[in-house]
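UniProt numbering applies: residue 1 is where the sequence shown begins, and numbers increase by one. Built from N, CA and C at the ideal position, the CB exists for glycine as well. Below is one structure; the comments refer to it alone.
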Amino acid sequence: MDPSSAGSGGNSLPSVGADGQKRRVCYFYDSDVGNYYYGQGHPMKPHRIRMTHSLLARYGLLNQMQVYRPNPARDRDLCRFHADDYINFLRSVTPETQQDQIRLLKRFNVGEDCPVFDGLYSFCQTYAGASVGGAVKLNHGHDIAINWSGGLHHAKKCEASGFCYVNDIVLAILELLKHHERVLYVDIDIHHGDGVEEAFYTTDRVMTVSFHKFGDYFPGTGDIRDIGHSKGKYYSLNVPLDDGIDDESYQSLFKPIMGKVMEVFRPGAVVLQCGADSLSGDRLGCFNLSIRGHAECVRYMRSFNVPLLLLGGGGYTIRNVARCWCYETGVALGQELEDKMPVNEYYEYFGPDYTLHVAPSNMENKNTRNQLDDIRSKLLDNLSKLRHAPSVQFQERVPDTEVPEPDEDQDDPDERHDPDSDMEVDDHKAVEESARRSIPGIKVKREFGENETKVQDGGRIASDHRGVEPMAEDIGSSKQAPQADASAMAVDEPSNVKNEPESSTKLQDQAAAYHKP
């Protein structure tokens with residue numbers, strides 16, 4: 001990244017127009033993802049991903065991206081971060097057998113916010129596979145990769161949390177660290193990105209920045225005073241916000257803070273979690289952002305011309321989630337979309353106006369100018385204490401293999417292999433009929449990568465697939481920082497270094513308090 005672009009406030013490239021259309025964008029989607037069902041009355045509805053995909057097709061955006069169907073993440077892929085016994089539990093538990101595993105349900109925090117449902121493990125494999133696959137694509141030359149089914153930022157090494165079972169974000173960042181010395185994680189979900197922050201709390205190779213509601217709100221973490229520990233001190237930034245924040249107030253923090261982060265940290269890649277529960281009118285949210293205001297964060301981060309992974313996250317008024325992620329896909333492609341919505345399979349969801357954008361409400365903005373100025377001042381001061389662009393000594397490793405782009409018009413399968421990622425890639429596998437029907441005229445590739453290293457306490461582990469993989473130690477709820485073998489990230493486990501929340505309510509419990517029709 002050109003440091004001058006960071007210093008210029010992120011305006012190094014136009015947001016739309018010919019330049020924007022030249023970005024190499026890939027998009028991951030599995031046609032089955034919308035079939036998974038958390039249960040009656042549960043706010044999390046994977047169906048929103050299928051609604052988003054339908055809008056992308058009708059707006060003609062799929063023709064402008066490489067569309068991939070991800071291969072599912074394998075057990076050892078997931079165990080690069082998660083504990084083996086936790087992954088074994090997710091793989092084996094079913095609605096029929098869960099009553100026989102009460103102790104394990106409690107141990108792994110599965111049952112209320114995170115219920116057992118049919119196909120749970122396949123769901124986890126699908127969304128995690130797409131995020132890691134997106135990271136692999138960025139490592140091999142794509143500018144932007146999109147996975148709206150990902151972004152499940154609350155999952156911990158040994159437990160589910162806040163509707164999240166597997167932390168696809170951590171897994172994707174570990175993949176990016178194989179090729180980039182530094183990775184930036186940015187979270188604009190209304191809830192604090194606690195699982196990702198915790199995973200990288202003691203390293204200077206990953207900076208986490210979370211903009212979130214703070215104060216008697218799930219998960220209860222994300223105080224401005226939580227700044228990281230040991231080598232990671234000042235590499236965790238938390239932006240605590242109050243109810244009703246609008247576009248102008250939000251951007252008065254987002255742009256100066258992220259501009260300074262890009263200038264000082266100079267990441268090789270950026271992961272942006274685009275949780276849509278920060279939109280006005282969200283079923284569980286209490287912010288007042290418009291879709292354009294939310295998407296301005298995507299536009300701004302895109303403008304730095306750094307490889308960018310866009311992920312989903314929260315979002316519980318599903319018609320607005322689909323609107324938002326469709327519009328933000330357009331932003332990624334440099335396309336401004338018409339407000340009048342084209343007829344689509346879920347057209348009735350978007351009445352009575354049938355428009356892409358919806359007006360924010362007139363709710364009170366409880367974030368005063370003085371409060372915002374104080375937050376911005378404190379965080380910029382923290383950033384001023386960082387040494388610019390920490391250098392990292394890389395381990396010697398097998399050089400990367402050049403990965404040619406496949407010619408979609410040829411039937412000859414060109415098998416590609418990245419020895420650094422142990423990825424088995426076949427872009428020409430058959431796609432299910434349901435996928436073909438959902439995107440007429442679009443060629444869908446099959447793509448995914450497997451990870452060669454496993455996160456484990458106390459040191460790096462070189463992968464050897466001929467032997468038995470070492471077991472990850474179960475550390476319960478203690479804080480754990482993952483490590484990437486190929487990038488030689490040395491991280492020590494912190495001990496009681498974060499401010500624990502005074503109260504941690506269930507995420508579903510807030511639906512009544514913040515419900516908006």
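Nearest to residue i (by Cα), restricted to the options the options
i: THR208; options: GLN251, ALA295, ILE224 and ASP242; result: ILE224
i: GLU159; options: LEU138, GLU181 and CYS114; result: CYS114
i: HIS154; options: ASP143, THR94, CYS324 and ASP168; result: ASP168
i: SER230; options: VAL358, ARG205 and GLN251; result: ARG205
i: LEU162; options: ASN320, LEU383, GLY275 and ASP30; result: Note on residue identity: the sequence assigns Gly, not Leu, to residue 162. Closest option to GLY162, Cα to Cα, is GLY275.
i: GLN40; options: GLN98, VAL116, PHE265 and ALA83; result: VAL116
i: ASN63; options: ASN139, ASP84 and VAL25; result: VAL25
i: GLU75; options: GLN66, LEU152, SER122 and ILE318; result: Here residue 75 turns out to be Asp, not Glu, going by the sequence shown. Checking every option, the nearest Cα to that of ASP75 belongs to SER122.
i: LEU379; options: PRO267, PRO256 and ASP339; result: PRO256
i: TYR68; options: SER31, GLU175 and ALA172; result: SER31
i: LEU184; options: HIS42, LEU174, VAL270 and THR202; result: VAL270
i: CYS79; options: VAL170, GLY141 and TYR300; result: VAL170
i: ASP84; options: ASP374, HIS140 and LYS156; result: LYS156
i: GLY193; options: ARG103, VAL321 and LEU152; result: LEU152
i: MET44; options: TYR346, LEU174, TYR300 and ILE318; result: ILE318
i: PHE81; options: ARG182, GLY195 and GLY111; result: GLY195
i: TYR349; options: ASP77, ASP373 and ALA322; result: ALA322
i: LEU372; options: TYR29, TYR27, GLN66 and GLU248; result: GLU248
i: GLY315; options: ARG283, VAL343, PHE304 and TYR346; result: ARG283
i: GLY141; options: VAL110, GLY268 and TYR29; result: GLY268
i: GLN335; options: ALA295, THR97 and LEU104; result: ALA295
i: PRO46; options: GLY312, PRO342, LYS340 and ASP374; result: GLY312
i: ILE188; options: ASN71, TYR250 and LEU176; result: TYR250
i: TYR201; options: GLY232, GLU181 and ASN139; result: GLY232
i: GLY285; options: HIS42, HIS179 and ILE190; result: ILE190
i: ASN71; options: GLN98, PRO342, PHE28 and PRO95; result: PHE28
i: GLN273; options: ASN362, PHE304, HIS212 and ASN305; result: HIS212
i: LEU138; options: ASP216, GLN66, ASN370 and GLY259; result: GLN66
Close-in-space but distant-in-sequence residues of the same chain around residue i (CB under 8 Å, 5 per side omitted)
i: CYS326; result: THR52, LEU55, LEU56, TYR59, LEU61, LEU337 and LEU356
i: ARG376; result: SER252, LEU253, PRO256 and ILE257
i: ALA332; result: ARG23, VAL25, ILE144, ILE146, VAL298, ARG302, LEU308 and LEU310
i: LEU237; result: MET207, THR208, VAL209, SER210, ILE227, ILE257, VAL261, LEU379, ASN382 and LEU383
i: GLN101; result: PHE89 and VAL93
i: VAL343; result: ARG58
6 Å Cβ shell around residue i - same chain, five flanking residues per side excluded
i: ILE49; result: VAL33, GLY34, TRP148 and SER149
i: GLU415; result: Below a pLDDT of 50, predicted positions are generally treated as unreliable, and GLU415, at 34, falls in that range; no measurement from the model is reported.
i: TYR86; result: PHE108 and CYS158
i: TYR127; result: SER149, GLY150 and ASP168
i: LEU507; result: ASP113, GLY162 and PHE218
i: SER478; result: Only weak support exists for where SER478 lies, its pLDDT of 32 falling under 50; the value from the coordinates is given anyway. Here the set comprises nothing.
i: LEU386; result: TYR234 and VAL264
i: PHE214; result: GLY222 and PRO240
i: PRO360; result: SER280, ASN288 and SER290
i: residue 520; result: Lying outside 1 to 517, the shown extent of the chain, residue 520 is not represented and no answer is given.
i: HIS180; result: GLY268 and ALA269
Residues of its chain near residue i, where Cβ-Cβ distance is below 7 Å and the 5 sequence neighbours each way are ignored
i: ASP353; result: none
i: TYR37; result: PHE117
i: LEU90; result: LEU120, TYR121, CYS124 and TYR165
i: ALA172; result: SER131, VAL132, GLY134, ALA135, VAL271 and LEU309
i: ASN496; result: Annotation note: pLDDT 36 at ASN496 (below 50); position unreliable, coordinate value reported separately. Cβ neighbours of ASN496 beyond the five flanking positions: none.
i: TYR346; result: MET51 and SER54
i: ASP492; result: Note that ASP492 has pLDDT 37, beneath the 50 cutoff, so the model's placement of it is unreliable and the number below is only indicative. For ASP492, where only same-chain residues beyond five positions count, the Cβ hits under 7 Å are THR202 and SER230.
DSSP beta-bridge partners of residue i
i: HIS212; result: PRO240
i: TYR27; result: VAL67 and ILE146
i: TYR185; result: THR208 and VAL271
i: LEU176; result: In the DSSP output, where bridge partners are listed per residue, LEU176 has none listed.
i: CYS164; result: SER161
i: LEU289; result: LEU279
Cβ-heavy atom distance, residue i to the ligand NAD, below 7 Å
i: ASN344; result: Annotation note on the ligand NAD: not contained in the displayed structure, which lists no ligands.
Three or more beta-carbon pairs under 8 Å between the segment 318 to 333 and the segment 283 to 303, yes or no?
yes
In the segment 218 to 278, which residue ranges form an unbroken alpha helix (DSSP H) of at least 4 residues, counting only runs that do not cross its ends?
247 to 265
On the three-pair Cβ rule with 8 Å, is the segment 235 to 250 touching the segment 360 to 373?
yes
What ranges does the alpha helix (DSSP H) occupy inside the segment 292 to 362, keeping only unbroken runs of at least 4 residues that lie completely in it?
318 to 333
Which runs of the alpha helix (DSSP H) spanning at least 4 residues fall entirely within the segment 115 to 140, listed in chain order?
120 to 139
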